[in-house]
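One structure below.
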Amino acid sequence: MEHPVLSFLLNYFSDMHLQCTLTDGVGIDLSSLDLGLRNSILNRTDATSSDVLSMLEENTIYQITDYYECGYSFFQFPNEHQILFIGPYLTKEFSDSDIYDLMNRIQIPSELFPQLHDYFYALPCISEKFSFSSMLRHLYASIFSTELPTLHPIDLKKFESTEEFLEKNKFHVPDDP
């Protein structure tokens, strides 16, 4: 779909160093969107790969926060089999102590700190989440000539306990982290 507002959106996010992925949603999971984080620190990728399109509601922008405190926003194009994923991004700047807190909370080996440090310091930070969400809603309405879409926040930590997460995710330290 060629649309000037969509082109503006993609160029704007590119300037912010925000990854945008346009896909049909089949086989998509967070490990295919997270710039390699899960593949590099886990013995496996997410097992949650599925046909995302079958789960989405029309005129809705989803905003996910994962166990690594990374944010992703996405929406389906109305009447099309296309989804635009935006992210990963942070909603606050991560300090070294934030990284250590995260590592302690989900039991990531301390040897992975340099890798996580580089990862989190490279991610763009969207500190004005309300402004970002508002902009996305208005751009969506402009692109697709619809009413303002609903925002649907999803915190993945609410869908499984830390224990369940740790049971499914075994961290490993590569030979050359």
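No gaps in the numbering here: position 19 of the sequence shown is 31 in the numbering used here, and each next residue is one more. Beta carbons: idealized from backbone N, C-alpha and C, even for Gly. Every value quoted in this text rests on a predicted model; they were computed, and no experiment measured them.
In three-state terms, what does DSSP make of residue i?
i             : result
leucine 22    : helix
proline 165   : strand
leucine 49    : helix
leucine 34    : strand
serine 154    : helix
glutamate 175 : helix
lysine 170    : helix
threonine 60  : Note that threonine 60 scores 49 on pLDDT, short of 50, meaning its location in the model is unreliable; the coordinates nonetheless yield the value given after this. Coil, per DSSP.
Is the beta carbon of residue j closer than 8 Å to that of residue i?
i                : j             : result
lysine 104       : cysteine 82   : no
isoleucine 120   : leucine 30    : no
phenylalanine 87 : isoleucine 76 : no
histidine 129    : aspartate 36  : no
tyrosine 131     : leucine 22    : no
Taking residue i as the reference, give the member of the options with the closest Cα.
i                 : options                           : result
threonine 158     : Phe25, Asp36 and Asn91            : Asn91
isoleucine 166    : Phe25, Tyr84, Phe142 and Phe144   : Tyr84
tyrosine 101      : Arg117, Glu123, Lys141 and Asp108 : Lys141
leucine 168       : Pro16, Tyr79 and Tyr24            : Tyr79
phenylalanine 144 : Phe25, Phe156 and Pro126          : Phe25
valine 17         : Lys170, Glu175 and Phe156         : Phe156
leucine 135       : His15, Met28 and Phe20            : Met28
tyrosine 133      : Leu34, Lys170 and Phe106          : Phe106
> Considering only residues of the stretch 62 to 147, which uninterrupted alpha helix (DSSP H) runs meet the minimum length of 4 residues and lie entirely inside it, listed in chain order?
Replying inline: 108 to 117 and 125 to 134
> With a cut-off of 8 Å, do at least 3 Cβ pairs link the stretch 110 to 117 to the stretch 150 to 161?
Replying inline: no
> Are there three or more Cβ pairs, one per stretch, closer than 8 Å when the stretch 66 to 78 is compared with the stretch 153 to 168?
Replying inline: yes
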